[in-house]
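One structure is given below, encoded as C-alpha cells.
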Amino acid sequence: MNVHAIQTGSVRIKRAQVEGRGHGLRRRLAIFTDRSWTEWLPTYAWVIEHREGVIVVDTGQGAHLLETGSSLHPYVRWEVAFRIDREEEIGPQLRTLGIGSRDVKRVVLTHLHMDHDGGLEHFPRSEILVSPAELRTASGWKGRMRGYLPNRWPSWFDPVPLDLAAEPFGPFAASRRLTRTGDVVAVATPGHTADHVSILVQEEDITLFLAGDTSYNEELMLAGKVDGVSPDEHISGATLDAIRRLTRGSPTVYLPTHDPRSAVRLANRCLVGALGQGKGQLQSSALPSPQHPYRASGLAL
Ligand SMILES: [Zn+2]
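So for the sequence shown, our numbering puts the first residue at 421; every next one is plus one.
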C-alpha cells in the first residue's frame, strides 16, 4: 500500500475561520468581521494505492473556484480565495503518478465543501461515496445558501451512500470498512460539518488519519480549538477529543487537508505527540518547512 498527498492548489481564509473566536453565533459571524487572512494554505487530496484498487480521499480544488469572486453568496464571494491551475487539479496529477481515472475504484469525500469536491469531474467512472446526510445538507438551493456549490457537481454525480454502522471504531461512535481487509476505514468525525467523516489507513502499527477539516492543523486539534464554521462547537470539541484519545492509544500520523505540514508528516510518518527520534518518531515541529511558499510559520495559530 502506498499513500500519496496531492496538493490541488491553495486557499486563503480568515484567521477567525481557522480558530473560532467567541461562542455561538458570534463565533460563526466573526469570519465576516475579521480582516486578517491566513497565508496561502495547501489543499490536499489523498491517494491510497491499495491492492484492492486505488482509493482517492477528497478531490481537492478545481479551477472553477477561481470564479468565486462573482458568487452571490457572501462567504464564497468575500471570505475565501483560491489559487489553482488546471494542471494542478487532481486528474492531471494522478496521471503524472501513472494512475488513470479508470484505475480509481473509489472516491470517498470527507464532506462536500467546494475545496473537497472540486475535482469530481475527473472521476466519471469511479464509485463515489458520500454521507447521505452530508449530501442532503449540500444539495439544492438550501445547499447553496449554506455555501456549498451543488451547481458545480458533474451532471452524472449520483454518489453511493456512505452509511456508517453504529459500530464503534476506537473512540469513534460509527464506522465502515472500505476494504475487505479492513485496513481502510471511514469513521464519523462530526463537527466541521454535521456529517463529516475521516478516513483511517492502517499501515502495520501506524494509523494514517486523513482528517479532512476536523481541524485546519495539528496544533489546533491538540489544543482542542474549534474552528469558526462548525455548526455546533460542543460536537466539534468532542470529535477533537476523540482524535486525541486515538492518538494517545495508537501511533497516529494526523493529516488535515489544509495543514502546511501534512505532506511532510506523511512522508516522514511523523506521529502525533512523539518525543523520540528516527523515522516514525519525529516531532513535526522539528521538521524543516515544506518546500513551498505557504509555510506554517506564516500562521499565528
Ligand atoms: Zn470544509
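Note that CB positions come from ideal geometry on N, CA and C, so glycine has one too. From a predicted model like this one, the values you see are computed outputs, not experimental measurements.
query                                                                                                                                                                    : result
Just the residues with CB closer than 5 Å to a heavy atom of ligand 1, in chain order, which are they?                                                                   : His533, Asp633
So the candidates are Arg446, Gly511, Phe589; which of them puts its Cα closest to the Cα of Arg522?                                                                     : Gly511
Do Val496 and Val527 have their CB atoms nearer than 9 Å?                                                                                                                : no
If we call anything under 9 Å between Cβ atoms a contact, is Thr530 one with Val649?                                                                                     : no
Note down the Cα distance separating Lys645 from Pro676, rounded to an integer number of angstroms.                                                                      : 14 Å
Based on Cα-Cα distance, which residue from Ser551, Ser546, Leu449, Gln481 lies nearest to Asp583?                                                                       : Ser551
How far does the beta strand (DSSP E) with Ile433 in it reach, from first residue to last?                                                                               : 422–433
Just tell me which of Trp573, Pro544, Leu514 has its CA closest to the CA of His533.                                                                                     : Trp573
I'd like to know if the segment 440–448 and the segment 477–493 are in contact, where contact means that at least 3 CB-CB pairs between them fall below 8 Å.             : no
Where does Gln513 fall in DSSP's three states?                                                                                                                           : helix
Can you grab the Cα-Cα spacing for the pair Arg455 / Trp498, in whole Å?                                                                                                 : 11 Å
Would you identify the three-state DSSP class for Gly632, choosing helix, strand or coil?                                                                                : strand
Provide the residue span of the alpha helix (DSSP H) that contains His654, from first to last.                                                                           : 653–669
Please list the terminal residues of the continuous alpha helix (DSSP H) segment that includes Leu555.                                                                   : 552–558
Enumerate in chain order the residues of its own chain whose CB-to-CB distance from Tyr636 is below 7 Å, with the five nearest sequence positions on each side excluded. : Val438, Asp647, Pro676, His678, Asp679
Between which two residues does the alpha helix (DSSP H) carrying Ile451 extend?                                                                                         : 444–453
To the nearest angstrom, how far is the alpha carbon of Gly669 from that of Leu549?                                                                                      : 28 Å
Between the alpha carbons of Arg435 and Leu640, how many angstroms are there, rounded?                                                                                   : 12 Å
In terms of residues, what are the limits of the beta strand (DSSP E) holding Val474?                                                                                    : 473–477
Classify Leu707 as helix, strand or coil using the three-state DSSP reduction.                                                                                           : For Leu707, the pLDDT reaches just 43, beneath the cut-off of 50, and the residue's location in the model is therefore unreliable, leaving the point undetermined.
Kindly indicate which residue of Asp633, Val524, Asp615, Val607 has the alpha-carbon position closest to the one of Thr627.                                              : Val607
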